[in-house]
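Engineer: If you count the sequence shown from 1, position 293 lands on 292 in numbering that gives the first Met the number 0, and the numbers rise without skipping.
Every residue, glycine too, gets a C-beta built ideally from N, C-alpha and C.
Note that the structure is predicted; figures quoted are calculated from it, not measured.
Supplied in structure tokens, the structure appears directly below.
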Amino acid sequence: MDIYLVGGAVRDGLLDIPIADRDWVVVGGSIEQMLALGCQQVGKDFPVFIHPVSREEYALARTERKQGQGYHGFEVNADAGVTLEEDLLRRDLTINAMAVAQNGDLIDPYGGKQDLDARLLRHVSPAFEEDPLRVLRVARFRAQLAEKNFTVAPETLTLMHTMVQSGELHALVPERVWQEVSKALLTPKPSLFFKTLHEVGALAVLFPELARLFKVPQSPEHHPEGDAGTHSLMVLDVAAELGHDLAIRFAALVHDLGKGVTPEDYWPSHPQHELAGVPLVNALCQRYRVPKTMQRLAVRATEWHGQIHAGGPTMPLTAQLAVLKGCDAFRQPDEFDAVLTVCEADSRGRKGFKTTDYPQKAYWRGALLAVQNVDPRSLVSAGLKGEAMAQAIEQRRLACLDNFCTHWLDEHEA
């Protein structure tokens, strides 16, 4: 029984990237032997195990043969006679099809090291097309390795496009798609994931709301970068630079979906695109079963980003209060701050605007702080209740906003 380090750990080690997880392949072993060693089997009748001490994954060398449509329906053979080379052949990319023996030797039967040096994502064999999820995985690896300037081999792009055209992507279940998307959103340059999907036609299949944006023009004065799709991906990358929050990145990606349904007669303007985008965001989230908290943030950023951009001391006080109420800022100030970060990314995610300030963020933070000083308990002690209480709270909040605006103007005009 021989054991080899395989996959991402080998790849990342050669790239001098910190190794997050180590996976191992066992050649010449059996299920009975692995169980006897105290390993815990993952799933019934599947040859993957968790080590009792390291908790790392050990898998028996195996081959897989496609039996049905989609990413499932594979016939697995984990017989003790399966070789390391046969196991590596079933993997997606050459850079993921390398192994390291216990003596430190690199086993590289399919040119992974050469492609690694060339910064190339290339499929190992024609069996690549048997699993449609690999279209998303290649796109994710491109985004994940963006800092190393990886590109997709032309023949692999062609194969991915063929897979899309075959209709195989329709067999993917929502959970698997969202799993890949959420991983991709957390990469250093998540826009490359969606750009790659767009290049091979997969974006139109999985995210037609996003794909549509690349055909939609915007005002050259405010959006010199061009179409709404390009803008959305720029916003996503700025959001990625602002922090590691998955919900903020997702909201940044989808905040302008409403521009995709603007009647062409209005182009390049997009009146009321914020409200038009809300049902589109909700539908996308429901389709991929996006967590409810993430959906809520995405909807709020979509609905209110236009009003937040317009925020300032000259904005009507009732309109300012409507924004704070609409974003539920009084009860969820942290989520409101996340909405402000999405809006900052939206403002800076334009050609020539990446390093510009976004004073609205500080303004809205100050406005919220000002109205938070209104304490409803003092009104209760005054005997107010019901509609009278609500009106009194409203008037005091408006007064606090008025006072805040005055001080803001004095401070920033001085």
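Reducing DSSP to helix, strand and coil, say where residue 22 ends up.
Structural biologist: In the sequence shown, counting from the first residue as 1, residue 22 sits at position 23. Strand at residue 22.
Engineer: Check whether the region 206-217 touches the region 160-175, taking contact to mean three or more Cβ pairs, one atom from each stretch, closer than 8 Å.
Structural biologist: No: the two stretches stay apart, fewer than three of their Cβ pairs being nearer than 8 Å.
Engineer: Between which two residues does the beta strand (DSSP E) containing residue 258 stretch?
Structural biologist: Along the sequence shown, read from residue 1 onward, the residue named residue 258 stands at position 259. First-last for residue 258: undefined, no H or E at that position.
Engineer: Hey, residue 182 and residue 139: beta-carbon distance below 7 Å or not?
Structural biologist: Looking up residue 182 in the sequence shown gives position 183. Looking up residue 139 in the sequence shown gives position 140. Yes. Within cutoff.
Engineer: So the candidates are 389, 358 and 204; which of them puts its Cα closest to the Cα of residue 411?
Structural biologist: For the purposes of this step, residue 411 is taken as residue 412 along the sequence shown, with counting starting at 1. Put simply, of 389, 358 and 204 the residue whose alpha carbon is nearest the alpha carbon of residue 411 is 358.
Engineer: Thinking residue 58 and residue 47 are a contact (beta carbons under 8 Å), I'd like their distance in whole angstroms, please.
Structural biologist: Indexing the sequence shown from 1 puts residue 58 at position 59. Indexing the sequence shown from 1 puts residue 47 at position 48. The pair is a contact, with the Cβ atoms about 5 Å apart (cut-off 8 Å).
Engineer: Nearest to residue 364 by alpha carbon, out of 328, 277 and 295?
Structural biologist: Position 365 of the sequence shown, counted from the start, is the residue given in the question as residue 364. Ranking the options by Cα distance to residue 364, first place goes to 328.
Engineer: Can you tell me where the beta strand (DSSP E) holding residue 2 begins and where it ends?
Structural biologist: One-based indexing of the sequence shown puts residue 2 at position 3. Its beta strand (DSSP E) spans residues 1-5.
Engineer: Looking only at its chain, what residues have a beta carbon closer than 7 Å to the beta carbon of residue 216, apart from the 5 residues adjacent to it on each side?
Structural biologist: Taking the sequence shown and counting its residues from 1, one reaches residue 216 at position 217. Answer for residue 216: 226, 266 and 267, listed in chain order.
Engineer: Opposite residue 98 in the DSSP bridges: which residues?
Structural biologist: Indexing the sequence shown from 1 puts residue 98 at position 99. 5 and 106.
Engineer: Helix, strand or coil for residue 307, going by three-state DSSP, please let me know.
Structural biologist: Position 308 of the sequence shown holds residue 307. Residue state, collapsed to three classes: helix.
Engineer: Tell me the rounded alpha-carbon separation between residue 121 and residue 335.
Structural biologist: Counting from one through the sequence shown, the residue named residue 121 turns up at place 122. Counting from one through the sequence shown, the residue named residue 335 turns up at place 336. Going from the Cα of residue 121 to the Cα of residue 335 covers about 43 Å.
Engineer: Are the region 291-298 and the region 274-282 touching, with three or more C-beta to C-beta distances below 8 Å?
Structural biologist: Enough Cβ pairs lie closer than 8 Å, so yes.
Engineer: Is it right to say residue 113 is buried, meaning 16 or more other beta carbons lie within 10 angstroms of its own, or is it exposed?
Structural biologist: By 1-based counting over the sequence shown, the position of residue 113 is 114. Exposed.
Engineer: Anyone know if the C-beta pair for residue 135 and residue 179 falls short of 7 Å?
Structural biologist: Indexing the sequence shown from 1 puts residue 135 at position 136. Indexing the sequence shown from 1 puts residue 179 at position 180. Yes. Within cutoff.
Engineer: Would you give the residue range spanned by the alpha helix (DSSP H) that residue 64 belongs to?
Structural biologist: Translated into positions along the sequence shown, residue 64 becomes position 65. Run containing residue 64: none in the alpha helix (DSSP H); it sits in the beta strand (DSSP E), 62-65.
Engineer: Return the residue from the list 94, 246 and 38 that minimises the CA-CA distance to residue 119.
Structural biologist: Taking the sequence shown and counting its residues from 1, the one referred to as residue 119 is at position 120. If we check each option's Cα against that of residue 119, 94 comes out closest.
Engineer: Measuring CA to CA, which of 80, 256, 162 and 371 is closest to residue 398?
Structural biologist: As a first step, residue 398 must be located in the sequence shown, where it is residue number 399. Nearest C-alpha to residue 398: 371.
Engineer: Please name the residue in 259, 331 and 56 whose C-alpha comes closest to that of residue 292.
Structural biologist: Looking up residue 292 in the sequence shown gives position 293. Minimum Cα distance to residue 292 is reached at 331.
Engineer: Figure out for me which residue from 261, 311 and 164 has the closest Cα to the Cα of residue 366.
Structural biologist: Numbered from 1 along the sequence shown, position 367 holds the residue referred to as residue 366. Comparing Cα positions, the closest option is 311.
Engineer: If we call anything under 7 Å between Cβ atoms a contact, is residue 146 one with residue 207?
Structural biologist: Reading the sequence shown from its first residue, position 147 is the one you call residue 146. Reading the sequence shown from its first residue, position 208 is the one you call residue 207. No, the pair does not count as a contact, with Cβ atoms beyond the cut-off.
Engineer: Kindly give me the distance between the Cβ atoms of residue 1 and residue 27, rounded to whole angstroms, as I take these residues to be in contact under 8 Å.
Structural biologist: Residue mapping note: residue 1 aligns to position 2 of the sequence shown, counting from 1. Residue mapping note: residue 27 aligns to position 28 of the sequence shown, counting from 1. Rounded, the Cβ-Cβ distance is 6 Å, consistent with contact.
Engineer: Following the continuous alpha helix (DSSP H) through residue 247, name the residue where it begins and the one where it ends.
Structural biologist: Start at 1 with the first residue of the sequence shown, and residue 247 comes out as number 248. Taken as a continuous stretch (DSSP letters only), the alpha helix (DSSP H) holding residue 247 covers 245-253.
Engineer: Touch check for the region 346-362 and the region 219-237: three-plus C-beta pairs under 8 Å?
Structural biologist: Enough Cβ pairs lie closer than 8 Å, so yes.
Engineer: For residue 108, which of 100, 88 and 115 has the nearest alpha-carbon?
Structural biologist: Here residue 108 is taken as the residue at index 109 of the sequence shown, counted from 1. From the listed residues 100, 88 and 115, the smallest Cα separation to residue 108 is found for 88.
Engineer: Please state whether the Cβ-Cβ distance between residue 219 and residue 142 is less than 7 Å.
Structural biologist: Along the sequence shown, one-based indexing puts residue 219 at 220. Along the sequence shown, one-based indexing puts residue 142 at 143. In this structure, residue 142 does not lie closer than 7 Å to residue 219 by Cβ.
Engineer: Taking the alpha-carbon of residue 258 as reference, which of 230, 272, 251 and 264 has the nearest alpha-carbon?
Structural biologist: Your numbering for residue 258 matches position 259 in the sequence shown. Among 230, 272, 251 and 264, the Cα nearest to that of residue 258 is on 272.
Engineer: May I ask which residues mark the beginning and end of the alpha helix (DSSP H) holding residue 128?
Structural biologist: Counting from 1 along the sequence shown, the entry for residue 128 is found at position 129. First-last for residue 128: undefined, no H or E at that position.
Engineer: Applying the criterion that 16 or more other CB atoms from any shown protein chain within 10 Å of the CB defines a buried residue, is residue 230 buried or exposed?
Structural biologist: Within the sequence shown, residue 230 is the residue found at index 231, counting from 1. It is buried - the Cβ of residue 230 has at least 16 other Cβ atoms within 10 Å.
Engineer: Could you spell out the range, first to last residue, of the beta strand (DSSP E) harbouring residue 16?
Structural biologist: Indexing the sequence shown from 1 puts residue 16 at position 17. Neither: residue 16 is in no beta strand (DSSP E) and is coded neither H nor E.
Engineer: Distance, Cα to Cα, residue 288 vs residue 177?
Structural biologist: Working through the sequence shown from its first residue, we reach residue 288 at position 289. Working through the sequence shown from its first residue, we reach residue 177 at position 178. Roughly 8 Å separates the two Cα atoms.
Engineer: Return yes when the Cβ of residue 24 is within less than 7 Å of the Cβ of residue 5, no when it is not.
Structural biologist: Locating residue 5 in the sequence shown gives position 6, counting from the first residue. Locating residue 24 in the sequence shown gives position 25, counting from the first residue. With a cutoff of 7 Å on beta-carbon distance, residue 5 and residue 24 are scored as near each other.
Engineer: Within a Cβ cutoff of 7 Å, which residues of the same chain sit near residue 194, ignoring the five residues on either side of it in sequence?
Structural biologist: For this step, residue 194 is matched to residue 195 along the sequence shown. Answer for residue 194: 232, listed in chain order.
Engineer: Given this structure, state the Cα-to-Cα distance separating residue 375 from residue 395, to the nearest angstrom.
Structural biologist: Along the sequence shown, read from residue 1 onward, the residue named residue 375 stands at position 376. Along the sequence shown, read from residue 1 onward, the residue named residue 395 stands at position 396. Using only the alpha carbons, I get a separation of about 10 Å.
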